[in-house]
Amino acid sequence: MSFAVAEIQPLNKEMGQTVREYIDTLTKPPGSLGRLEEMAIQLAEITSEAFPVVSPPGVIVFAADHGVVEEGVSAFPQEVTVQMVMNFLNRGAAINVFSRQIGAAFEVVDIGVAADIEAGGVVKRKIRYGTANFCKQDALKREEVEKAISVGYERAENMIQQGSKCLILGEMGIGNTTPSSAILAVLSGQDVSVLVGQGTGITSEKIIHKQEVITLALKERKPNRNDPIDILTKVGGLEIAGMTGAMLAGAVNRVPILVDGFICTISALLAKEICSAASDYMIACHRSVEPGHKIALQLLGKKPILDLDMRLGEGSGAAVAFPILQSATLMLKEMATFTSAGISK
């Protein structure tokens, strides 16, 4: 991963200051557009452009399965992962609807689904047929984790080369709030009981069971807090690693990374662990109702744009937030200045 870490540059603070001063010449009271002004400045710092562009966005959904589903931690059976991938390919999922709405390029990557997907349109990068059950053994091999990060990096680079001006990353994997909660427990040092929620909609009894499963796994696997690759190896997921790699590629290429909900934010934290500068290129898009998400956002140091009680994943919350970012760029590009409008300050 050293290739990514070495190439992530600091934000262009000079460009940010230039844009900050320009915003104060626009026909409005200073600061009156609130966080839209902050977003415009951040986008300028990320892209090194005085008039940053975020359209068209590129959406990549990474799909994979999880052996820990054997422990009864999900409301849905594992075969729903492949069924949902087919739904993505048929353009019927929420993320498809929102991607169409914002004119996004879209792809779904099979990075570790537990079944073969023969349908056309899926990007086949399967590393293995789902993870192992991390209650019984390590979820992955270290080289599999590194390969998954590389796959994510490669898909994001491809999306950027095709012209996408920002990245929206999503995931599909029945059971994936369980590894995400396990990873967050390691990174935050918080007790599992405050991190674990309903996921896809499990009962309160199943929540307690899920907490016990994660607690047992962490005791057995003993992931190294200071080694993000080891954490992914012990209790991670292939789609989580894939999104991590995609975020590193976004940061290297100075492309804004729109961070979705709980699982995506876990990938963001892992990317930050690999290279702290990566988080400078991230924008938190919404606050999930999953209880661990608030803690994950605090660790990431980000304030989300939206709070709509969402908990779907797929990149859906980031796609819904995208028009607000676009508004920030259009404010810069299209608003008149006091001078051009002939208005007295």
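Just so you know, we're using numbering that gives the first Met the number 0 here: the sequence shown kicks off at 0 and counts up by one. We put the CB at the ideal spot given by N, CA and C, even for glycine.
(message) Does Ala147 pass the burial test, meaning 16 or more other C-beta atoms within 10 Å, or should it be called exposed?
(response) Locating residue 147 in the sequence shown gives position 148, counting from the first residue. Counting Cβ neighbours within 10 Å, Ala147 comes out buried, since at least 16 surround it.
(message) For the segment 79-99 against the segment 292-308, do three or more pairs of beta-carbon atoms, one drawn from each stretch, fall closer than 8 angstroms, so that the two count as touching?
(response) no
(message) For a test of the three-state rule: what should DSSP assign to Ile126, helix, strand or coil?
(response) By one-based count along the sequence shown, residue 126 stands at place 127. In the structure shown, Ile126 sits in coil (DSSP, three-state: anything other than H, G, I, E or B).
(message) Taking contact to mean 3 or more Cβ pairs, one atom from each stretch, closer than 8 angstroms, check whether the segment 304-315 and the segment 279-286 are in contact.
(response) yes
(request) Go ahead and pull the three-state DSSP assignment for Val254. (result) One-based indexing of the sequence shown puts residue 254 at position 255. In this structure, Val254 counts as coil in the three-state DSSP scheme.
(request) Give the DSSP-derived three-state secondary structure of Ala49 in the structure shown. (result) Mapped onto the sequence shown, residue 49 falls at position 50. Reduced to three states, the DSSP call for Ala49 is coil.
(message) Taking 8 angstroms as the cut-off, does the segment 177-197 touch the segment 241-248 (at least 3 CB pairs, one atom from each stretch)?
(response) no
(message) Helix, strand or coil for His292? Go by DSSP, reduced to three states.
(response) In the sequence shown, the residue the question calls residue 292 occupies position 293. Residue state, collapsed to three classes: helix.
(message) Here's the rule I'm using: 16 or more other beta-carbon atoms within 10 Å means buried, otherwise exposed. How should Arg220 be labelled?
(response) Here the question's residue 220 lines up with position 221 in the sequence shown. Counting Cβ neighbours within 10 Å, Arg220 comes out buried, since at least 16 surround it.
(request) Please state if the CB of Thr336 and the CB of Leu25 are separated by a distance shorter than 8 angstroms. (result) What you label residue 25 is simply residue 26 of the sequence shown in a count that begins at 1. What you label residue 336 is simply residue 337 of the sequence shown in a count that begins at 1. Result yes, Cβ atoms of Leu25 and Thr336 sit closer than 8 angstroms.
(request) Determine the DSSP secondary structure at Ala118, reduced to helix, strand or coil. (result) For the purposes of this step, residue 118 is taken as the residue at position 119 of the sequence shown. Of the three classes helix, strand and coil, the one that applies to Ala118 here is coil, per DSSP.
(message) Do Leu139 and Leu268 count as a contact pair if the criterion is CB distance below 8 angstroms?
(response) By 1-based counting over the sequence shown, the position of residue 268 is 269. By 1-based counting over the sequence shown, the position of residue 139 is 140. No, Cβ-Cβ distance for Leu268 and Leu139 is not below 8 angstroms.
(message) Between which residues of its own chain and Gln210 is the CB-CB distance below 6 angstroms, once the five residues before and five after are set aside?
(response) Here residue 210 refers to the residue found at position 211 of the sequence shown. Cβ neighbours of Gln210 beyond the five flanking positions: Val191, Ser192, Val195.
(message) Is the beta carbon of Gly249 closer than 8 angstroms to that of Ala155?
(response) Along the sequence shown, read from residue 1 onward, the residue named residue 155 stands at position 156. Along the sequence shown, read from residue 1 onward, the residue named residue 249 stands at position 250. Yes, these two residues count as a Cβ contact at 8 angstroms.
(request) Compute the distance between the beta-carbons of Thr130 and Gly111, then report whether it is under 8 angstroms. (result) The residue labelled residue 130 in the question sits at position 131 within the sequence shown. The residue labelled residue 111 in the question sits at position 112 within the sequence shown. Yes, the Cβ-Cβ distance between Thr130 and Gly111 is below 8 angstroms.
(message) Less than 8 angstroms between the beta carbons of Ser149 and Gly291, yes or no?
(response) Within the sequence shown, residue 149 is the residue found at index 150, counting from 1. Within the sequence shown, residue 291 is the residue found at index 292, counting from 1. Cβ atoms of Ser149 and Gly291: not closer than 8 angstroms.
(request) Tell me whether the beta-carbon of Phe61 lies closer than 8 angstroms to the beta-carbon of Ser315. (result) Against the sequence shown, residue 61 aligns to sequence position 62. Against the sequence shown, residue 315 aligns to sequence position 316. Against a cut-off of 8 angstroms, the Cβ pair of Ser315 and Phe61 comes out as no contact.
(message) Please return the same chain residues whose Cβ sits closer than 6 angstroms to the Cβ of Ala340, not counting the five positions on each side in sequence.
(response) Here residue 340 refers to the residue found at position 341 when the sequence shown is read from its first residue. If we look at Ala340 and ignore the five residues flanking it on each side, its Cβ neighbours are Thr26.
(request) With Ala63 as the anchor, note down where its beta strand (DSSP E) starts and where it stops. (result) Taking the first residue of the sequence shown as 1, we reach residue 63 at position 64. Where Ala63 is concerned, the enclosing beta strand (DSSP E) stretches over 56-63.
(request) Could you say if the segment 11-26 and the segment 60-80 meet the contact criterion of at least three C-beta pairs nearer than 8 angstroms? (result) As far as the Cβ criterion goes, the segment 11-26 does not touch the segment 60-80, which means the pair count is below three.
(request) Output the distance between the C-alpha atoms of Ala276 and Ser47, rounded to the nearest integer angstrom. (result) On the sequence shown, position 277 is the one that residue 276 refers to. On the sequence shown, position 48 is the one that residue 47 refers to. Cα to Cα, Ala276 sits roughly 15 angstroms from Ser47.
(request) Output yes or no for whether 8 angstroms exceeds the beta carbon distance between Gly172 and Gly236. (result) Mapped onto the sequence shown, residue 172 falls at position 173. Mapped onto the sequence shown, residue 236 falls at position 237. Less than 8 angstroms separates the beta-carbon of Gly172 from that of Gly236.
(request) Check whether the segment 321-336 touches the segment 35-46, taking contact to mean three or more Cβ pairs, one atom from each stretch, closer than 8 angstroms. (result) A contact exists between the segment 321-336 and the segment 35-46.
(request) Confirm, please, whether the CB-CB distance from Ala216 to Phe321 is below 8 angstroms. (result) For the purposes of this step, residue 321 is identified with residue 322 of the sequence shown, where counting begins at 1. For the purposes of this step, residue 216 is identified with residue 217 of the sequence shown, where counting begins at 1. No, they are not a contact pair.
(message) Runs of 4 residues minimum, wholly inside the segment 123-196: which ones carry the alpha helix (DSSP H) assignment?
(response) 141-160, 176-187
(request) Taking only beta-carbon positions, decide if Ser73 is within less than 8 angstroms of chain D. (result) In the structure shown, chain D cannot be found, because there is only a single protein chain.
(message) Considering only their Cβ atoms, is the gap separating Ser54 from Lys164 smaller than 8 angstroms?
(response) Walking along the sequence shown from the start, residue 164 turns up at place 165. Walking along the sequence shown from the start, residue 54 turns up at place 55. Cβ atoms of Lys164 and Ser54: closer than 8 angstroms.
(message) What does the Cβ neighbour count give for Ser266, buried or exposed, with the cut at 16 atoms within 10 Å?
(response) Counted from its first residue, the sequence shown places residue 266 at position 267. Buried: at least 16 other Cβ atoms inside 10 Å.
(message) Quick check on Asp413: buried or exposed, where buried means 16 or more other Cβ atoms within 10 Å of its Cβ?
(response) Past the edges of the chain, shown from 0 to 344, lies residue 413, and the structure says nothing about it.
(request) Look up Gly111 in the DSSP assignment and give the residues it is bridged to. (result) Against the sequence shown, residue 111 aligns to sequence position 112. DSSP lists Ala63 as partners of Gly111.
(request) With DSSP collapsed to three states, give me the class of Ile228. (result) Counting from 1 along the sequence shown, the entry for residue 228 is found at position 229. Residue state, collapsed to three classes: helix.
(request) On a CA-only basis, which of Gly91, Gly120, Ile101 is nearest Pro56? Give me that one, please. (result) Within the sequence shown, residue 56 is the residue found at index 57, counting from 1. Closest by alpha carbon: Ile101.
(message) Assuming Leu183 and Ala39 are in contact, meaning their beta carbons sit under 8 angstroms apart, how far apart are those beta carbons, in whole angstroms?
(response) Position 184 of the sequence shown, counted from the first residue, corresponds to residue 183. Position 40 of the sequence shown, counted from the first residue, corresponds to residue 39. With a Cβ gap of about 31 angstroms, Leu183 and Ala39 do not count as contacting.
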